[in-house]
Amino acid sequence: MKKNARIGIFVFLSLMIVLAACAPKEPVSSGKTSTGLEASEELKKFSSSKEVIEFLKQSQSTSGNYYGGFAGRGVMMAVEEADMDSTASKAAAPTAGAADYSQTNVQVQGVDEADFVKNDGKYIYTLSGNKLVIVDAYPAEDAEILSETEIKGRPRDMFVNKDVLVVMAEGDDQVLAIDEYDFVPRPRYTQKTHAIVFNIQNREKPVLEKDFDVSGYYYQSRMIGDYIYFIAKENVYYFSNYVDMPVLRESGKVIASPSVFYFPRPFNSYTFHTIASFNINELSINAESFMLGDSSTLYVSESNIYLAYQKNVPFGYYESHNKDRFFEVVLPLLPADAKNMINEINSDRGLDQYEKWEKISLVLEDMYNSMEEKEKTALIEKIEKAVEEYELKLEQERRKTVIHRISINEGKIRHEADGEVPGYLLNQFSMDEKEGNLRVTTTTYVYARESTMYNNVFVLDSDMEVIGKLEDIAPEERIYSARFIGDRLYMVTFKNVDPFFVIDLSEPESPKILGQLKIPGFSNYLHPYDEDTIIGIGKETEGNEWGGISTKGVKLALFDVSDVKNPKQLDKYEIGEQGTDSEALNEHKAFLFDREKNILVIPVREVKGRYYDSKYGYYRNDVWQGAYAFGLTKEDGFELKGKVTHAEKADDDAYYGSPNAVRRSLYMGNVLYTISAKKIKMNDIDSIESLNEIELPYEEPRDYPVPMPFVKGIAIE
Numbered sequence: 022m023k024k025n026a027r028i029g030i031f032v033f034l035s036l037m038i039v040l041a042a043c044a045p046k047e048p049v050s051s052g053k054t055s056t057g058l059e060a061s062e063e064l065k066k067f068s069s070s071k072e073v074i075e076f077l078k079q080s081q082s083t084s085g086n087y088y089g090g091f092a093g094r095g096v097m098m099a100v101e102e103a104d105m106d107s108t109a110s111k112a113a114a115p116t117a118g119a120a121d122y123s124q125t126n127v128q129v130q131g132v133d134e135a136d137f138v139k140n141d142g143k144y145i146y147t148l149s150g151n152k153l154v155i156v157d158a159y160p161a162e163d164a165e166i167l168s169e170t171e172i173k174g175r176p177r178d179m180f181v182n183k184d185v186l187v188v189m190a191e192g193d194d195q196v197l198a199i200d201e202y203d204f205v206p207r208p209r210y211t212q213k214t215h216a217i218v219f220n221i222q223n224r225e226k227p228v229l230e231k232d233f234d235v236s237g238y239y240y241q242s243r244m245i246g247d248y249i250y251f252i253a254k255e256n257v258y259y260f261s262n263y264v265d266m267p268v269l270r271e272s273g274k275v276i277a278s279p280s281v282f283y284f285p286r287p288f289n290s291y292t293f294h295t296i297a298s299f300n301i302n303e304l305s306i307n308a309e310s311f312m313l314g315d316s317s318t319l320y321v322s323e324s325n326i327y328l329a330y331q332k333n334v335p336f337g338y339y340e341s342h343n344k345d346r347f348f349e350v351v352l353p354l355l356p357a358d359a360k361n362m363i364n365e366i367n368s369d370r371g372l373d374q375y376e377k378w379e380k381i382s383l384v385l386e387d388m389y390n391s392m393e394e395k396e397k398t399a400l401i402e403k404i405e406k407a408v409e410e411y412e413l414k415l416e417q418e419r420r421k422t423v424i425h426r427i428s429i430n431e432g433k434i435r436h437e438a439d440g441e442v443p444g445y446l447l448n449q450f451s452m453d454e455k456e457g458n459l460r461v462t463t464t465t466y467v468y469a470r471e472s473t474m475y476n477n478v479f480v481l482d483s484d485m486e487v488i489g490k491l492e493d494i495a496p497e498e499r500i501y502s503a504r505f506i507g508d509r510l511y512m513v514t515f516k517n518v519d520p521f522f523v524i525d526l527s528e529p530e531s532p533k534i535l536g537q538l539k540i541p542g543f544s545n546y547l548h549p550y551d552e553d554t555i556i557g558i559g560k561e562t563e564g565n566e567w568g569g570i571s572t573k574g575v576k577l578a579l580f581d582v583s584d585v586k587n588p589k590q591l592d593k594y595e596i597g598e599q600g601t602d603s604e605a606l607n608e609h610k611a612f613l614f615d616r617e618k619n620i621l622v623i624p625v626r627e628v629k630g631r632y633y634d635s636k637y638g639y640y641r642n643d644v645w646q647g648a649y650a651f652g653l654t655k656e657d658g659f660e661l662k663g664k665v666t667h668a669e670k671a672d673d674d675a676y677y678g679s680p681n682a683v684r685r686s687l688y689m690g691n692v693l694y695t696i697s698a699k700k701i702k703m704n705d706i707d708s709i710e711s712l713n714e715i716e717l718p719y720e721e722p723r724d725y726p727v728p729m730p731f732v733k734g735i736a737i738e
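Per our numbering, the very first residue in the sequence shown carries number 22; after that it's consecutive.
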């Protein structure tokens, strides 16, 4: 018995020796629990690139992260890009346009979001491959292409504001640099984000006004009034004594270097977030850059940009963590004599960390050997419980999201505050601003001895301090969709069934659940029908033979929340079998709905079954791709009006990303327009009867950098 106990003790000691062997040389005193993530809260500004390099070097030495890369200062050379040559929500439409028309489905009224299709009630503007195509689309029977403009780089999306059109695109540069002790320059690609401004007063011949570009790859953009704000992101590396700092260019020439702000906080990696703004009428650009962790979620209100990212742990954190845990958790629980001897050893500056632990382990061994079996067992259980609580607390700290509030006002950009909340954000709909407060919903995953998952709602004030919270919602489930509307949050979580929650936020300090509904399936996107009715689009589910859950086709659902304590599902409509999908599940811009027009349209890739392909000798999914058009009322629910496809033969529908895939829909007057990369189709909005169609000049996009030949005689600084 004693032999077995002694073996158990030495297993325990061996584990502690392994953990403590990773400890740093500096002694750690007991006291306030350290997470290893604390740092100064003060926003600072770099005065030079040299300061950035010194900061990265210091971070590397203290945290173990590596920010180095291609050595040697490079010579920036622009990659050759194609010239731009031109060839032949409801709003009031231009002259001779439709009386009413749809606009891009956005999260915040008054904050436009860029998309690859726009319209103004008369013209449709679309990016097809590498071309900007302007179509005189109304009336439908006279529709024709007015102009095609080649866009350099890789066009992503655009804005239209009266007679100004702005294309957001990505381009590439190359840096030629000589690595340390190398003998020849070698290329390294860098990305840049373009804002290409056209005057489209003459739709048949757009005129290039400005071509701004910012260092980094394109993240997202918004238009508020006449101001466009866009964000470019770039990973931060230094190369020997050189770092690529963000720059602003006009027509390829550097015109400014944005100020770079930062917080002296430890990160696994740093990312420049360059926020640029310009007025479409004045065409002068302004920018500020913030060196932060890599953001994953962006929300923009009419007055603020919110950048959010997960709180990541520096690599060097774990090296100090085990020693912190020993001195802060284990040591206080030991008998007084053992505790005193260990403190004395730890304060001996003549010993290195390994010599210290060798002596400490002997003290622990003697301590355990002098104890009775019952006393040893009780102490170990007490320590294990304390360690588990400590690990849980640190795990919760590590699983937080940091949110920065950056004010925007007539093009001015200013960092105002930052804060953090437990858990992870799902997407931009996880945040919402109301009356100066930010409402946030998160899912917390905690990986400890017993993993757990739950959901939360937080309210933060303008200083990004939490003033209200509701935690531990729907344990062991995660958020699939959320929508803040007025003083309510509608939220869907899922594991086996779909709990649809109605949460009251009328008192920001005291969020509370008003009611919930449990039904099969889940919704990925929620959209208001009216103030008492919500539309959900997601997937249907069913139990499988293994006791789990299998997804089926796409499901549309209509929820009545007039009785908040008892929300009801008024109707649902299922499309296709397992494997059926819709871009609208993950991209709200693909969702078209207008209650007055009685129209709801989503793109669908529908799996209708399987068949044997004798040509290739295997079974394939029978796939249809196009748009489903519905009428929708509270009384009658979803009524299928018809379906529209752009495919000319069955094989056109067989794969994801097909240029025949319908991706967007819009209306002008009583005409429904569906848009793919290859085609625009026009149908009657009520009968879905075909009216007309236009073939777009689609070519496969050049979504890759152009190789640059070696240039003789290039000077390397």
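C-beta: ideal position from N, C-alpha, C; glycine also.
Among the options, which has the Cα closest to the Cα of residue i?
{"i": "P588", "options": "L579, I596 and E595", "result": "L579"}
{"i": "E530", "options": "T463, N476 and L481", "result": "L481"}
{"i": "T211", "options": "Y202, Q222, V228 and D193", "result": "D193"}
{"i": "L613", "options": "G652, E627, S451 and A438", "result": "G652"}
{"i": "G678", "options": "E660, E721, S80 and N713", "result": "E721"}
{"i": "N448", "options": "E454, V487 and I500", "result": "I500"}
{"i": "D602", "options": "P624, L591 and A495", "result": "P624"}
{"i": "E454", "options": "E63, F521, Y320 and K586", "result": "Y320"}
{"i": "K231", "options": "L197, E165, S272 and I221", "result": "S272"}
{"i": "E497", "options": "I488, P520 and I506", "result": "P520"}
{"i": "T572", "options": "S544, Y466, E552 and D553", "result": "S544"}
{"i": "I434", "options": "E563, I166 and Y248", "result": "Y248"}
Starting from the C-beta of residue i, find all residues in its chain whose C-beta is less than 6 Å away, skip the five residues before and the five after it, and write them out in chain order.
{"i": "S310", "result": "P267, P279, V281, F293 and T295"}
{"i": "G52", "result": "The predicted position of G52 is uncertain, since its pLDDT is 38 and thus under 50; a value taken from the coordinates is nonetheless stated next. Nothing meets the Cβ criterion."}
{"i": "G630", "result": "D643"}
{"i": "L355", "result": "none"}
{"i": "Y719", "result": "S149, G150, P680, A698 and K699"}
{"i": "E598", "result": "G574 and V628"}
{"i": "S451", "result": "T462 and A503"}
{"i": "N691", "result": "I706"}
{"i": "D648", "result": "Note on identity: in this sequence residue 648 is Ala, with Asp being the wrong assignment. These residues qualify, in order along the chain: V622, P624, V665, V683, S686 and T695."}
Please work out which residues of its chain come closer than 7 Å, Cβ to Cβ, to residue i, disregarding the five sequence neighbours upstream and downstream, and give them in chain order.
{"i": "N256", "result": "S290 and T292"}
{"i": "E710", "result": "N704"}
{"i": "D315", "result": "S290, T292 and Y330"}
{"i": "D133", "result": "T125, V127, F180, R243 and M244"}
{"i": "Y744", "result": "Residue 744 lies beyond the stretch modelled for the chain, which goes from 22 to 738, so this question has no answer here."}
{"i": "L535", "result": "V523, I524, D525, V585 and K586"}
{"i": "F505", "result": "D453 and R460"}
Over what stretch of residues does the beta strand (DSSP E) that includes residue i continue unbroken?
{"i": "R631", "result": "I620 to D634"}
{"i": "N325", "result": "N325 to Q331"}
{"i": "E552", "result": "That residue, E552, is in no beta strand (DSSP E); it is neither H nor E in DSSP."}
{"i": "D592", "result": "K589 to I596"}
{"i": "N713", "result": "S711 to E716"}
{"i": "D439", "result": "K433 to P443"}
{"i": "D453", "result": "M452 to K455"}
{"i": "Q646", "result": "Y639 to T654"}
{"i": "I506", "result": "R499 to I506"}
{"i": "S236", "result": "V228 to S236"}
Between which two residues does the alpha helix (DSSP H) harbouring residue i extend?
{"i": "L413", "result": "E394 to R419"}
{"i": "S149", "result": "Where S149 is concerned, there is no enclosing alpha helix (DSSP H), although the beta strand (DSSP E) it sits in stretches over Y144 to S149."}
{"i": "Q374", "result": "Q374 to N390"}
{"i": "M266", "result": "Here M266 belongs to no alpha helix (DSSP H), and DSSP marks it neither H nor E."}
{"i": "N256", "result": "Here N256 belongs to no alpha helix (DSSP H); instead the beta strand (DSSP E) covers Y248 to N256."}
{"i": "E365", "result": "A357 to N367"}
Shorter than 8 Å, the distance from the beta carbon of residue i to the closest heavy atom of the ligand MN, or not?
{"i": "V185", "result": "You won't find the ligand MN in this model; it holds no ligand whatsoever."}
Enumerate in chain order the residues of its own chain whose CB-to-CB distance from residue i is below 8 Å, with the five nearest sequence positions on each side excluded.
{"i": "E566", "result": "none"}
{"i": "Y407", "result": "It is worth fixing the name first, because residue 407 is Ala in this sequence and not Tyr. V350, V351 and L354."}
{"i": "E716", "result": "K699 and K700"}
For this session: Check whether the segment 537-548 touches the segment 558-571, counting contact only when three or more Cβ pairs, one atom from each stretch, lie closer than 8 Å.
Result: Touching, yes.
For this session: Tell me, please, whether the segment 425-434 touches the segment 324-331 by the rule of three or more beta-carbon pairs shorter than 8 Å.
Result: Judged by Cβ distances under 8 Å, the segment 425-434 makes contact with the segment 324-331, as three or more pairs qualify.
Exercise. Looking at C-beta atoms only, is the number of pairs between the segment 450-460 and the segment 480-495 that lie closer than 8 Å three or more?
Worked result: Two segments are said to touch when three or more pairs of C-beta atoms, one from each, lie closer than 8 Å; by this definition the segment 450-460 touches the segment 480-495.
Problem set entry | Three or more C-beta pairs below 8 Å linking the segment 134-150 and the segment 115-124 | A contact exists between the segment 134-150 and the segment 115-124.
For this session: Evaluate contact between the segment 355-364 and the segment 373-390, counting only Cβ atoms and requiring at least three cross-stretch pairs below 8 Å.
Result: Enough Cβ pairs lie closer than 8 Å, so yes.
Problem set entry | Within the segment 126-181, ranges of the beta strand (DSSP E) (whole runs, at least 3 residues) | Unbroken beta strand (DSSP E) runs of no fewer than 3 residues, entirely contained in the segment 126-181, are found at 138-140, 144-149, 152-157 and 165-171, following chain order.
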